[in-house]
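In my numbering, the protein residues as written are 12 to 116.
To start, the structure itself, in structure tokens.
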């Protein structure tokens with residue numbers, strides 16, 4: 012087992028501290044929905060090793076806020092897609108009804 016609670020500021024000139032800082036930066040970019048060099052698989056592997064994305068004890072960390080915001084954006088995007096699909100279905104139904112009415116008349 013390992014303990015990966017390294018603060019990059021503790022070892023700013025050490026290679027481990029720089030590496031940890033980069034991983035956290037890439038992770039935060041990914042959580043913010045930006046382009047990132049870290050994959051979901053890499054995130055999972057690091058978390059399985061006990062990697063901490065945030066070391067400080069806070070009631071609600073910046074990472075948690077970013078994750079919540081990313082989830083909210085995903086929910087909103089899914090809702091917008093569903094609404095667009097529903098609008099397309101309604102439009103198609105109206106067009107079909109209008110075509111049937113025109114044939115009957």
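Just so it is clear, CB atoms sit at the ideal spot from N, CA and C, and this is done for glycine as well.
At what residues does the alpha helix (DSSP H) containing residue i begin and finish?
{"i": "residue 59", "result": "51 to 59"}
{"i": "residue 47", "result": "Segment: none, residue 47 is in no alpha helix (DSSP H) and carries neither H nor E."}
{"i": "residue 91", "result": "73 to 115"}
List the whole-angstrom C-beta distance separating residue i from residue j, where the pair is believed to meet the contact cut-off of C-beta under 8 Å.
{"i": "residue 77", "j": "residue 42", "result": "4 Å"}
Pick from the options: whose alpha carbon is nearest that of residue i?
{"i": "residue 44", "options": "25, 63, 74", "result": "74"}
If you count every other CB in all the chains shown that lies within 10 Å of the CB of residue i, and 16 or more means buried, which is it?
{"i": "residue 29", "result": "exposed"}
{"i": "residue 83", "result": "exposed"}
{"i": "residue 104", "result": "exposed"}
{"i": "residue 12", "result": "Low confidence applies to residue 12: its pLDDT is 45, below 50, so where it sits in the model is not reliable, and the reading given next is rough at best. It counts as exposed."}
Please go through the same chain and pick out, in chain order, the residues whose beta-carbon is closer than 6 Å to the beta-carbon of residue i, but skip the five residues on each side of it.
{"i": "residue 34", "result": "none"}
{"i": "residue 40", "result": "47"}
CB-CB under 8 Å to residue i, same chain, minus the five flanking residues each way: which ones, in chain order?
{"i": "residue 37", "result": "47, 48, 49"}
{"i": "residue 101", "result": "none"}
Between residue i and the rest of its own chain, which residues show a CB-CB distance below 7 Å, the 5 nearest in sequence each way excluded?
{"i": "residue 56", "result": "none"}
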